[in-house]
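There are 2 protein chains.
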Amino acid sequence: MRLFAQHGYAAVSMRQIARDVGVQAGALYNYTPDKQSLLFDLMQTHMGDLLAARAELPMEPDPVAALKAFARLHLRFHAERPDEVFIAYMELRNLSDDNFTKIEEMRRAYEDQLEAILRAGIEQGVFRVADSKIATMAAIAMLTGVNTWFRQGGRLSLSEVEQIYWEMLRQAVGAQSE
Amino acid sequence: MRLFAQHGYAAVSMRQIARDVGVQAGALYNYTPDKQSLLFDLMQTHMGDLLAARAELPMEPDPVAALKAFARLHLRFHAERPDEVFIAYMELRNLSDDNFTKIEEMRRAYEDQLEAILRAGIEQGVFRVADSKIATMAAIAMLTGVNTWFRQGGRLSLSEVEQIYWEMLRQAVGAQSE
DNA sequence: CAATTAACTGAACATTCGTTCTTATAAAAC
DNA sequence: GTTTTATAAGAACGAATGTTCAGTTAATTG
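Rendered as structure tokens:
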């Protein structure tokens with residue numbers, strides 16, 4: 032995972048991976064059928080963990096509270112896993128067609144949950160956005176973007192970042208402060 | 032550019048590029064010293080174009096108008112160049128150290144211009160955000176994210192998308208509607 | 001202790017990689 | 001019409017690629 036995140040799937044050889052774990056290249060094939068499976072397993076586990084973490088959130092009847100919980104989970108989950116996230120976004124094109132479809136379905140399932148929250152908020156009149164689909168994409172892009180600059184131990188703590196991002200997201204969807 | 036965007040720099044061979052332009056691999060070296068320069072030139076041109084387009088925007092004394100113009104330019108510039116943008120974000124790690132530094136400086140110069148707008152707006156009390164640096168990163172991530180889903184000829188036109196994104200961004204920074 | 005299973009080495013396979021170089025061809029310049 | 005220049009082909013280079021496999025070592029089982 033570290034090598035894929037650092038140099039990219041295509042640029043990492045099985046021999047480099049083997050060297051890093053202190054083994055010869057051939058020995059890796061006792062654990063994986065091929066290089067592609069290494070990538071797919073990484074991404075599938077990542078998306079599975081994300082969906083599981085989302086499923087564990089308590090149901091929030093209030094759209095504002097639901098959005099806040101979603102944003103907080105997304106931010107924290109991603110900030111804690113920079114390598115996995117990097118791979119999940121950068122290496123989609125290196126998946127075989129079948130594997131790509133599977134990952135894409137998981138990603139879609141996750142996005143749909145955010146959109147459901149937004150739609151509920153729009154219906155109840157607590158959110159003010161023109162298009163729930165675009166708002167979904169914008170929110171996810173904004174939150175995931177934290178990984179391009181956030182580092183543990185930097186100027187701001189994770190919970191400060193959570194607070195600031197939540198304020199911006201709340202304002203972006205036109206919700207009143209609680 | 033198309034090949035790099037589609038398969039990634041590391042996964043594209045000089046022979047593939049040559050085949051695509053109807054020539055043998057050796058002939059490419061009449062035009063480029065090496066493969067790395069192909070990537071660097073692409074990214075440098077892209078960032079140069081972006082900075083030039085930004086420089087051509089008229090000076091806006093009003094922070095809200097300035098932010099709107101910036102957002103509109105960013106969105107349009109990126110939506111019109113999906114391949115360049117994809118490469119600019121995905122292939123940074125495949126640049127040599129020297130080349131990476133140069134591109135990173137250009138990117139930083141661009142971000143600084145957005146942050147200057149946000150800071151002016153905060154000072155004048157027309158924007159309500161907790162941290163100008165984070166707001167800069169959040170805004171750029173949100174706007175650039177349009178490239179993950181927007182396609183010309185889709186459900187929404189580019190100017191509709193511009194309108195919707197501007198509303199969300201305006202709300203995100205806590206600015207009143209004009 | 002003997003037999004079996006698991007794990008690993010290291011060589012080998014056929015391809016492919018970026019790049020160089022000699023040679024050939026066609027266009028431009030004089 | 002001859003010479004120079006630009007452009008390309010195509011073979012060649014050593015190195016590296018993912019993967020396979022026979023042989024070796026160590027651990028586990030009976």
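For the record, the sequence lines run as chains A and B.
Take any residue in the first sequence, count from 1 to its spot, add 31: that is its number in this note's numbering.
Take any residue in the second sequence, count from 1 to its spot, add 31: that is its number in this note's numbering.
Built from N, CA and C at the ideal position, the CB exists for glycine as well.
Please read these numbers as outputs of a predicted model, since none were measured by experiment.
Beta-carbon contacts of residue i that lie in its chain and below 7 Å, excluding the five residues immediately before and after
{"i": "ALA140(B)", "result": "LEU82"}
{"i": "GLU146(B)", "result": "SER163, LYS164 and THR167"}
{"i": "LYS66(B)", "result": "MET45"}
{"i": "PRO94(A)", "result": "ILE148, ALA151, GLY152, GLN155, VAL157 and PHE158"}
{"i": "ASP51(B)", "result": "LEU34"}
{"i": "ILE58(A)", "result": "The sequence as given places Ala at residue 58(A); Ile does not occur at that position. Only ALA49 meet the Cβ criterion."}
{"i": "ARG70(B)", "result": "Position check: residue 70(B) holds Leu in this sequence, whereas Arg was assumed. Closer than 7 Å at the Cβ level, and outside the excluded window around LEU70(B), lie PHE35, TYR40, GLU122, ASN125 and LEU126."}
{"i": "ALA84(B)", "result": "LEU104 and PHE108"}
{"i": "ARG186(A)", "result": "none"}
{"i": "VAL43(A)", "result": "LEU34 and PHE35"}
{"i": "GLU209(A)", "result": "VAL95"}
Pick from the options that is closest to residue i, judged by C-alpha positions
{"i": "ARG6(A)", "options": "VAL54(A), ALA42(A), SER208(A) and GLU115(A)", "result": "This structure does not reach residue 6(A), given that chain A is present from 32 up to 209, and the question cannot be answered."}
{"i": "SER190(A)", "options": "HIS105(A), MET78(A), ARG46(A) and GLY39(A)", "result": "HIS105(A)"}
{"i": "GLN183(B)", "options": "GLN144(B), GLY176(B) and PRO113(B)", "result": "PRO113(B)"}
{"i": "ALA110(A)", "options": "ALA203(A), MET137(A), TYR196(A) and GLY205(A)", "result": "TYR196(A)"}
{"i": "HIS77(A)", "options": "ASP51(A), GLY57(A), LEU88(A) and LEU123(A)", "result": "LEU123(A)"}
{"i": "ALA170(B)", "options": "GLY53(A), LEU200(A), ARG150(A) and LYS133(A)", "result": "LEU200(A)"}
{"i": "GLU142(A)", "options": "THR179(B), MET121(B) and ASP128(B)", "result": "THR179(B)"}
{"i": "ALA36(B)", "options": "GLU87(B), PHE108(B), TYR120(B) and VAL204(B)", "result": "TYR120(B)"}
{"i": "GLN144(B)", "options": "ALA42(B), ALA86(B) and ALA49(B)", "result": "ALA86(B)"}
{"i": "PHE181(B)", "options": "VAL52(B), GLY79(B), PHE117(B) and GLY39(B)", "result": "PHE117(B)"}
{"i": "GLY39(A)", "options": "ASN125(A), GLU136(A) and VAL52(A)", "result": "ASN125(A)"}
{"i": "ALA206(B)", "options": "VAL160(B), GLU193(B), VAL192(B) and GLY176(B)", "result": "VAL160(B)"}
{"i": "MET137(A)", "options": "GLU209(A), GLY79(A) and GLY53(A)", "result": "GLY79(A)"}
{"i": "LYS133(A)", "options": "SER68(A), SER188(A), GLY176(A) and VAL192(A)", "result": "SER68(A)"}
Proximal residues to residue i (C-beta, below 6 Å), its chain only, five neighbours per side dropped
{"i": "ALA97(B)", "result": "GLU91 and ILE148"}
{"i": "GLN75(A)", "result": "none"}
{"i": "ALA56(B)", "result": "MET45, ARG46 and ALA49"}
{"i": "ASN130(B)", "result": "PHE71"}
8 Å Cβ shell around residue i - same chain, five flanking residues per side excluded
{"i": "MET173(B)", "result": "TYR196, MET199, LEU200 and ALA203"}
{"i": "LEU19(A)", "result": "Since the first residue shown for chain A is 32 and the last is 209, residue 19(A) is missing from the structure and cannot be characterised."}
{"i": "LEU73(B)", "result": "MET32, PHE35, GLU115 and ILE118"}
{"i": "VAL177(B)", "result": "LEU106, HIS109, ALA110, VAL192 and TYR196"}
{"i": "THR19(B)", "result": "For residue 19(B) there is no data in the structure shown, the boundaries of chain B being 32 and 209."}
- request: Decide yes or no for the touch test of the segment 61 to 70 of chain B against the segment 96 to 106 of chain B: beta carbon pairs closer than 8 Å, at least 3 of them.
  value: no
query: What are the start and end residues of each continuous alpha helix (DSSP H) run of 4 or more residues lying completely inside the segment 102 to 180 of chain A, in chain order?
result: 113 to 121, 128 to 154 and 163 to 175
- prompt: What alpha helix (DSSP H) runs, 4 residues minimum, are completely inside the segment 35 to 61 of chain A?
  reply: 45 to 51
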